[in-house]
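Engineer: I'd like to ask some things about the structure below.
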Amino acid sequence: MLYREAGQFKTTYAEDMAIFPIRQDRIALAILLGIAFIGVPLLATFHVWPFGSDYLLWAILLPFLILALAAIGTNILVGYCGQISLGSGAFMAIGAYSAYKLATGVHIPFAWLGFAISIPPLPVLASILLGGLMAAGVGILFGIPSLRIKGLYLAVATLAAQFFFDWAFLRIPWFTNYAPSGSVNAPALDFFGLVVRTPVERYLLCLLFVTVMTVLAKNLVRSNLGRQWMAIRDMDIAAELIGIRPLYAKLTAFAVSSFIVGVAGALWAFVYLGSWEPLAFSIDRSLQLLFMVIIGGLGSIMGSFVGAAFILIVPIMLNLVPTELGVPLSTQTITHLEFIIFGSLICYLLIKEPHGFARLISIGKEKLRLWPFPY
Amino acid sequence: MVALGQFLEVLIGGLMSGVLYSLVALGFVLIFKASGVFNYAQGAMVLLAGLAMVRTLDLLVANGFPPWAAIVLGIGFAAVIMAATAWLIERFVIGPLVNQDGLTLFMSTIGVTFVIEGAAEMIFGSDVYPLRLFPTDAWFVLDGLFPGGILINKLDVWGALIAGILVAGLAIFFQRTKTGRALRAVADDHLAAHSVGIPINWIWFVVWLVAGLVALVAATVWGTKLGVQFSITFLALKALPVLIIGGLTSIPGAIAGGLIVGAGEKIAEVYLGPSVGGGIEYWFAYVLALAVLLVRPQGLFGERIIERI
Amino acid sequence: MRAPDTNEIMLQVDGIALAFGGVRALRDVTFNIRRGEIRAIIGPNGAGKTSLLNVVNGFYHPNHGAITFKGRTRARMQPFEAARGGIARTFQNVALFKGMSALDNIMAGRTLKVRRGLLWQMLRYGPALAEEREHRHRVEEIIDFLEIEAIRKVPVGRLPYGLQKRVELGRALAMEPDLLLLDEPMAGMNLEEKEDMSRFIIDVNSHYGTTIALIEHDMAVVMDLSDRVAVLDHGIKIADGTPDEVKKSQAVIEAYLGVAH
Amino acid sequence: MAGGGSFDTFPKLLLRNAARFGARPAFRHKDLGIWQSWTWVQVAEIVRAYAAGLHRLGVQPGDTIAVVGSNRPKLYWTIMAAQALRAIPVPVYSDAVADELAFVLAHAEAKLVAAQDQEQVDKVLSVCDRLPQLDKIVYDEPRGLDDYDHSRSIAIGNVIEDGRAALAADAALGQRIDEFVQAGNGSDIAVILYTSGTTGTSKGVMLSTRGCIDAATDTTRFDGLTHDDMVLAYLPLAWVGDHYLNYVQGLVAGFCMACPESSDTIEQDRREIGPTFYFAPPRGFEAMLTRVMIRMQDAAPIKRRMFHYFLDLARRYGERVLTGNPVPLSGRLLYALGRLLVYEPLKNVLGLSRVRVAYTAGEAIGPDLFAFYRSIGLNLKQLYGQTEAFLYVTCQPDGEIYSDTVGPAAPNVDIRIAESGEVQFRSPGMFVGYFKDQARTAETMTSDGYVKTGDAGYFDEKTGHLKIIDRAKDVGWLADGTMFAPKHLENKLKFFPNIKEAITFGDSREFVCAMLNIDAVAVANWAERNNVAYGSYQELAAHPLVYDMVANDVAAVNLSLVKEKALAGAQIRRFLILHKELDADDGELTRTQKVRRRFITERYAPLLTALYDGSHEADISTEVTFEDGRKGMIAARVRIRDMQAVGPAESLGKAA
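Chains as they are written, first to last, in our numbering: chain A, 102 to 476; chain B, 7 to 315; chain C, 2 to 262; chain D, 558 to 1213.
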């Protein structure tokens, strides 16, 4: 209905392969980015409604951005390459702790060899990215089984990663620089001299990361590599017979996915939490990410954002709405309600619309494009 | 001599708790064989069964019922709850998802897990509820052989006994009874089974019910050991690696796997634990499973997987 | 542009035997494919035709025998090695990537030709974009060739069977193979679709000079398409030669009439 | 806006456009998934190389070059290249069967044929033994032609390459080409268009370059077409409509021609390209509307209701809102809302959003149909023309649009009505003569240089616009002397969605009878909705309920006739529904889908007699040609239905 496509024709493949080939979509995106990059910061700095307090930034936007990023990572593995993962939380943790170690300086004593490896503290940006790389490395390691085993079996392999690293970061004091409490504090967020402190600054920082990595991720999934992943997902045998090497396809999926998740982890720890414990990256986190992906849409970048938003908003609504209605619920009840809602929603979507909200959205969009016709 | 004694003690303790893993794993095998579902919700079911039982039990006792009656009624009620759950799951989740690929089914059970956990805690509360069904004191045996003898936890013995009986029972149920055989038929080929007039939905309900009851039993034992609480779910989740190790489709495999994991993690905990800060039990089973997968993807007892195009 | 029918042997299969458990799918099968020819493999159901193709492109590993492809002999190879060697393949029951559009399916067929790696593709800039454009262009030529312009961007899941078969052929062509294995390319097609498909097969052979081996049940089709026909029955090659020779062969007639074995 | 001005040949216009619009797109073609585009400069260069190539193949001034195929840039360039060499292009209908093709090629003495693809090449080769003068075949799409004899048939691409190389090699060749272009003048024959004559064999209409350009200059001005416009070239290449509206106007105004990817992607291509100038015959617009309605039937009830509500609204206010006449405010607002919700989206999906001027012609258009498109804001107009005039005789200026007239004389055209009632005209674009056919040329021209259109019509007193009622020779008189205009009647009948074709009889008979063809799509749909079971078209056509439905339509026509005094007596008394669809392959229709009345009269003689001997059914068996070319017989028993004539009194009664 709102679309006016007549006269929008493509004269080059570049145009035809664009992410948003329809002009109206490009406009919408531009507006969205405008709001995100200019509108929100402005409103927030001058505390204009709805940014009266920092609640919106802290409790919603920051976690949304970071978790959306993590969801994208998870989606690449689960949604695009069809390799189930219950270990995303662990890879966030790896990202976070590696970044932490690198930012605070690494010292590995090889007493019996009489020498020690030590790396001086690195700049925050470097540590975050290297944290991601570290996660990617471990990802590849745990991805190797996926070459011999499929689906369900892989679930257990990733569970192994999850539980092992939960334990490692909890019990091996070296990771926490021997902090007695086991909880660690992020270093100052110093990017080439300008230090990120206020919520707005943190928000912008995450927004930047998310935007850039989203574009890169989108590029990957719409390039040959992305097609290799989907081929493996849809029919691995046929994929092999057209010359796709399962080893390469799957491991790249693991690497890329873990890298993004790792960076998200580092951001989560450094930018959002500030100080954290291994609990922040437990299996619950893994499942939360998996849910975001399923609800948002397997195999859809956009879906990752939708899923993240949904998962974050529901609890807040559960909190707000009854209170408004004058029947406030106990936090426990809310948690339980969340569980039930998410759980049943997952089942419902898997049965009715396996491609999640993203598919529903694109169907709606198609309807608008064909309006007033039904098809 | 001391060392050996201690080792035996640990080993026996491990095997005993291992039997429980086998038990829960058996629940998995049933469901997997019958509907190809890799049931993540097993842990949640244990929690649900446990809570349902312990809360009724407490309630009744508080209202002056004699303990034995309370126990019987409590267990009975929990059984009913499990039956209801089984029916709901079959009716609203597994049924509609028939012929979907394993991954989808698996994810759906994660959904189920959340619903069950949420509902269970909402209805029955989310604290730690102590449960006393079995004696928890210990025996000392063979003190002639070893100084101080070997400590054996009576609860473990009970658990092992019950589990043993159930395992035997299930094995028979599988091999002998009509339903059991029908069940195996379904596992091999849905359509075929259907065409020969085996009511699949009924079969599925049955396996989920059995799995539920198995969960109930596990709940009684673990409940007594640790009190009924959320963390039980993680304990029960270990049935996943147990299965991988044993082989997804093999009942003996499930049993052996359970024992291996049980003994293995105890030994690892006692002998390696201290050097790495303890808590190895938390992941041992999974990493072991991972190792097995790499060497023998179909597990120790599983049949080979052949692909065709 | 048709490749000259030299007698150069492109693929030589020597004494292949293949068994699943007790089932002997292939017993000591020996046959060859010449460069530039259209080679048909026929036989009653369960004769081992598909197994033979599976052995040729490395999906099954024979228990005995060797395969010589373009002068290199090997007992077993991985499917993707076969693909890299220039062997493409379509399937009896279409094996497309259901989640992807027709275009993406065929684009996936270009994988082996892609030069730029992960980082370039991630940046999708300069050379990477140029390469992507190049591949798209080649794929569009194939789409034009197979006359599937109208369904370019439709998810293959929604396509009718006949068109799916075409897309699958397109995916195989995108690999620019030297040897194209077609497993019942016309199974379940109506007359018109069959005529189209035959036309495409002939054009592929003449226009791209691709060597083609196909399994087909429709005798009429086989007889007027193929240069040489090999007949399998119960895993044994019972006849081999030009369509006319094969038609005359007593063994073949018996096999098809189902005379005792 | 650019006219022909001092440029009297197309090659010169091409050069002018290259100079004036250089980098602007001249041609687009949806090929390999995207709209390949060529600027005027590129086209000029290509055409020059192509001309050189053709010259090297021995093409001389005055040679005729046949062009057969669908709308492809390379085929249009063939026309340009031929004209550059002062050779004469002869476009041929691509759906012509081998015999028709053979006739035209032989008659035109084509020396070279430019064919689109294997299919056309094969067709030419199949008849080339009848074409001694045919020397070479060039083709656009090499696909499937690899093994053909390349001494005889060459890919156009190669011809161009060869020409380009040659031009680079020797400058003299280049000069020779340029000399041809310079030597060209307005009196040259620009093109020979073969009319698929409604009667007898087709005639080659010769048109002069000067005439073509002048005519086009007038009409492009008339409609304000400029180099910013864009057309979708989807009409038959060989039809005057395509050649004039797209090719000639394109060169004159310098706008861009877009060629669709294939015949079955036209809808989508139209939507993508979004033409600004659009032509379709009434049946084209009708088909579009039918599809719209059919698609809407599957829409959700609410949506459907909304859709129809706003369409009614448009019918009530649309025309007035758009022509700026007074409309109640509520109407204005609702119409604006309708724009947002229905009209604009609808035009968008149909690819008509950007159309500034749309024309329809060829036959009378149904008032409702016409009103529909105008009311949703499409500037649809009618023109009246014919090949001999190089299209335009009359056309409707903006603001003076009536569904039942074809408008006043086009610029610089003068029209007169002969005593016989025949329309005659003189126009800048009028033809030079029929190729190799003095006799028929003579009988078409009047002594004082007017062209006989062969159509009967009159100028409407009220509007001063021309009204065409029928083919002059078809106008007849009933036995009792009342005037009888078959086409007029037939059009009235065809305005009903259920009736696809109608042939009426009455000349020198006591009363009027009609043979009807139901519209398969519309009636099938009706049948589906009212669950009427039927096995075949034949069954459907013979179905009593269908007869009843059609009878109502006929009655309505009779009623409407009462109002036209002259024709009131010529009401339809009996009709029948034919058992098969009239088909060009059986020679019942022309290639432009016009009824071959005479042929049908002979073919269905038994039915005709039955209509008049009072019997209530008749047997008929006819030979038919199937799509794959095979021939066969179909026999049927056709029922005949009697109708009541409506007297003035009754009509008043009904009116009151």
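Using N, Cα and C, we set each Cβ at its ideal position, and we do this for glycine too.
Assign Y201 (chain A) to one of three DSSP states: helix, strand, or coil.
Structural biologist: Here residue 201 (chain A) is taken as the residue at index 100 of the first sequence, counted from 1. Correct three-state label for Y201 (chain A): helix.
Engineer: Which partner residues of R1028 (chain D) appear in the DSSP bridge assignment?
Structural biologist: Locating residue 1028 (chain D) in the fourth sequence gives position 471, counting from the first residue. BP columns for R1028 (chain D) point to D:D1012.
Engineer: Can you give the Cα-Cα distance for D588 (chain D) and Y696 (chain D), rounded to whole angstroms?
Structural biologist: For this step, residue 588 (chain D) is matched to residue 31 along the fourth sequence. For this step, residue 696 (chain D) is matched to residue 139 along the fourth sequence. Each residue's alpha carbon lies about 16 Å from the other.
Engineer: Give the secondary structure of A999 (chain D) by DSSP, where H, G and I count as helix, E and B as strand, and everything else as coil.
Structural biologist: As a first step, residue 999 (chain D) is located in the fourth sequence; it is residue number 442 there, counting from the start. Three-state result, A999 (chain D): helix.
Engineer: From the beta carbon of G798 (chain D), is the nearest beta carbon of chain C less than 7 Å away?
Structural biologist: Position 241 of the fourth sequence, counting from 1, holds the residue named residue 798 (chain D). False, the Cβ-Cβ gap to chain C never drops below 7 Å.
Engineer: Give the interface partners of H138 (chain C) over in chain D, defined as CB-CB distance under 8 Å, in chain order.
Structural biologist: Indexing the third sequence from 1 puts residue 138 (chain C) at position 137. Simply L589.
Engineer: In this structure, does DSSP put P429 (chain A) in helix, strand or coil?
Structural biologist: Residue mapping note: residue 429 (chain A) aligns to position 328 of the first sequence, counting from 1. P429 (chain A) falls in the coil class under three-state DSSP.
Engineer: So, for L174 (chain C): in the same chain, excluding its five sequence neighbours on each side, which residues have a beta-carbon less than 6 Å away from its beta-carbon?
Structural biologist: Within the third sequence, numbered from 1, the residue matching residue 174 (chain C) stands at position 173. I143, listed in sequence order.
Engineer: Look at the Cβ atom of G80 (chain B), then the Cβ atom of L63 (chain B), and state whether they are nearer than 7 Å.
Structural biologist: For the purposes of this step, residue 80 (chain B) is taken as the residue at position 74 of the second sequence. For the purposes of this step, residue 63 (chain B) is taken as the residue at position 57 of the second sequence. Taking 7 Å as the Cβ cut-off, G80 (chain B) and L63 (chain B) qualify as a contacting pair.
Engineer: Across which residues does DSSP place E1174 (chain D) in a beta bridge pair?
Structural biologist: Start at 1 with the first residue of the fourth sequence, and residue 1174 (chain D) comes out as number 617. Answer by DSSP bridge pairing, in chain order: D:R1196.
Engineer: Would you grab the beta carbon distance between R848 (chain D) and A107 (chain A) for me? Rounded to a whole angstrom, and I think it's under 8 Å.
Structural biologist: If you number the fourth sequence from 1, residue 848 (chain D) lands on position 291. If you number the first sequence from 1, residue 107 (chain A) lands on position 6. That belief does not hold up - the Cβ atoms of R848 (chain D) and A107 (chain A) are roughly 17 Å apart, past 8 Å.
Engineer: Determine the extent of the beta strand (DSSP E) in which R346 (chain A) is found, giving its start and end residues.
Structural biologist: Here residue 346 (chain A) corresponds to residue number 245 of the first sequence, with the count starting at 1. Neither: R346 (chain A) is in no beta strand (DSSP E) and is coded neither H nor E.
Engineer: May I ask you to report which of helix, strand or coil DSSP gives A217 (chain A)?
Structural biologist: Position 116 of the first sequence, counting from 1, holds the residue named residue 217 (chain A). DSSP places A217 (chain A) in strand when its eight states are reduced to three.
Engineer: Expressed to the nearest angstrom, what Euclidean distance is found between the alpha-carbon atoms of D821 (chain D) and D1017 (chain D)?
Structural biologist: Residue mapping note: residue 821 (chain D) aligns to position 264 of the fourth sequence, counting from 1. Residue mapping note: residue 1017 (chain D) aligns to position 460 of the fourth sequence, counting from 1. One C-alpha to the other measures close to 41 Å.
Engineer: Quick one: grab the DSSP three-state call for T113 (chain A).
Structural biologist: As a working note, residue 113 (chain A) is residue 12 in the first sequence. In the structure shown, T113 (chain A) sits in coil (DSSP, three-state: anything other than H, G, I, E or B).
Engineer: Can you tell me the Cα-Cα spacing of T998 (chain D) and G1006 (chain D), whole angstroms?
Structural biologist: For this step, residue 998 (chain D) is matched to residue 441 along the fourth sequence. For this step, residue 1006 (chain D) is matched to residue 449 along the fourth sequence. If I take the Cα positions, the gap works out to 11 Å.
Engineer: Where does the unbroken alpha helix (DSSP H) through G978 (chain D) begin, and where does it stop?
Structural biologist: Position 421 of the fourth sequence, counted from the start, is the residue given in the question as residue 978 (chain D). Where G978 (chain D) is concerned, there is no enclosing alpha helix (DSSP H), given that its DSSP letter is neither H nor E.
Engineer: Taking Cβ-Cβ distances shorter than 8 Å, what residues in chain D pair up with F146 (chain C)?
Structural biologist: Locating residue 146 (chain C) in the third sequence gives position 145, counting from the first residue. Those are R700, listed as they occur along chain D.
Engineer: Between the C-alpha atoms of V681 (chain D) and L794 (chain D), what's the straight-line distance to the nearest angstrom?
Structural biologist: The residue you call residue 681 (chain D) lines up with position 124 of the fourth sequence. The residue you call residue 794 (chain D) lines up with position 237 of the fourth sequence. Counting only the Cα atoms, L794 (chain D) lies some 17 Å from V681 (chain D).
Engineer: Which same chain residues, not among the five before or five after R643 (chain D), have their C-beta less than 8 Å away from its C-beta?
Structural biologist: Numbered from 1 along the fourth sequence, position 86 holds the residue referred to as residue 643 (chain D). Cβ within range, chain order: P618, G619, F737, A740, G741 and D745.
Engineer: So is S207 (chain C) in contact with chain D if we call contact Cβ pairs under 7 Å?
Structural biologist: Sequence index remark: in the third sequence, residue 207 (chain C) carries index 206 (1-based). With 7 Å as the cut-off, S207 (chain C) counts as an interface residue toward chain D.
Engineer: Looking only at DSSP bridge pairs, what is Q943 (chain D) linked to?
Structural biologist: One-based indexing of the fourth sequence puts residue 943 (chain D) at position 386. Beta-bridge pairing links Q943 (chain D) to D:L948.
Engineer: If we define contact as Cβ-Cβ less than 7 Å, is E676 (chain D) a contact residue for chain F?
Structural biologist: Here chain F cannot be found, since the structure's protein chains are A, B, C and D.
Engineer: Using a Cβ-Cβ distance under 7 Å, would R127 (chain A) count as near chain C?
Structural biologist: As a working note, residue 127 (chain A) is residue 26 in the first sequence. Judged by the 7 Å Cβ criterion, R127 (chain A) is not in contact with chain C.
Engineer: Going straight from the alpha carbon of V805 (chain D) to that of D775 (chain D), what length do you get?
Structural biologist: In the fourth sequence, counting from the first residue as 1, residue 805 (chain D) sits at position 248. In the fourth sequence, counting from the first residue as 1, residue 775 (chain D) sits at position 218. Distance between the alpha carbons of V805 (chain D) and D775 (chain D): 12 Å.
Engineer: Would you kindly work out how many angstroms separate the C-alpha atoms of K453 (chain A) and S358 (chain A), rounded to a whole number?
Structural biologist: Counted from its first residue, the first sequence places residue 453 (chain A) at position 352. Counted from its first residue, the first sequence places residue 358 (chain A) at position 257. Cα to Cα, the separation comes out at about 27 Å.
Engineer: Inspect the beta-carbon positions of V351 (chain B) and S445 (chain A) and report whether they are closer than 7 Å.
Structural biologist: For residue 351 (chain B) there is no data in the structure shown, the boundaries of chain B being 7 and 315.
Engineer: In angstroms, rounded to a whole number, what distance separates the CA positions of P1101 (chain D) and V1069 (chain D)?
Structural biologist: For the purposes of this step, residue 1101 (chain D) is taken as the residue at position 544 of the fourth sequence. For the purposes of this step, residue 1069 (chain D) is taken as the residue at position 512 of the fourth sequence. About 22 Å.
Engineer: Using three-state DSSP, classify G66 (chain C) as helix, strand or coil.
Structural biologist: Numbered from 1 along the third sequence, position 65 holds the residue referred to as residue 66 (chain C). G66 (chain C): strand per DSSP, three-state reduction.
Engineer: Please say whether C307 (chain A) and A99 (chain B) have beta carbons closer to each other than 7 Å?
Structural biologist: For the purposes of this step, residue 99 (chain B) is taken as residue 93 along the second sequence, with counting starting at 1. For the purposes of this step, residue 307 (chain A) is taken as residue 206 along the first sequence, with counting starting at 1. In the sequence as displayed, the identity of residue 99 (chain B) is Val instead of Ala. No; because the gap between Cβ atoms is not below 7 Å, this pair is not in contact.
Engineer: What are the start and end residues of the alpha helix (DSSP H) that includes N159 (chain B)?
Structural biologist: Stepping through the second sequence from its first residue, residue 159 (chain B) is reached at position 153. Element bounds for N159 (chain B): not the alpha helix (DSSP H) but the beta strand (DSSP E), I156 to N159.
Engineer: I'd like to know if Y181 (chain A) contacts chain C, where contact means its C-beta is closer than 7 Å to some C-beta of that chain.
Structural biologist: Looking up residue 181 (chain A) in the first sequence gives position 80. Using a Cβ-Cβ cut-off of 7 Å, Y181 (chain A) does not count as an interface residue toward chain C, since no Cβ of chain C sits closer than that to its own.
Engineer: What residue range is occupied by the uninterrupted beta strand (DSSP E) comprising Q617 (chain D)?
Structural biologist: Position 60 of the fourth sequence, counting from 1, holds the residue named residue 617 (chain D). No beta strand (DSSP E) contains Q617 (chain D), which DSSP labels as neither H nor E.
Engineer: Identify the continuous beta strand (DSSP E) that holds W145 (chain B) and give its terminal residues.
Structural biologist: Mapped onto the second sequence, residue 145 (chain B) falls at position 139. For W145 (chain B), the enclosing beta strand (DSSP E) starts and ends at A144 to V147.
Engineer: In three-state terms, what does DSSP make of P80 (chain C)?
Structural biologist: As a first step, residue 80 (chain C) must be located in the third sequence, where it is residue number 79. In the structure shown, P80 (chain C) adopts helical secondary structure according to DSSP, grouped into three states.
Engineer: With a cut-off of 8 Å on the beta carbons, I'd call P244 (chain C) and V230 (chain C) a contact; round off their distance for me.
Structural biologist: Numbered from its first residue, the third sequence carries residue 244 (chain C) at position 243. Numbered from its first residue, the third sequence carries residue 230 (chain C) at position 229. Taking C-beta atoms under 8 Å as the contact rule, P244 (chain C) and V230 (chain C) qualify, at a distance of about 6 Å.
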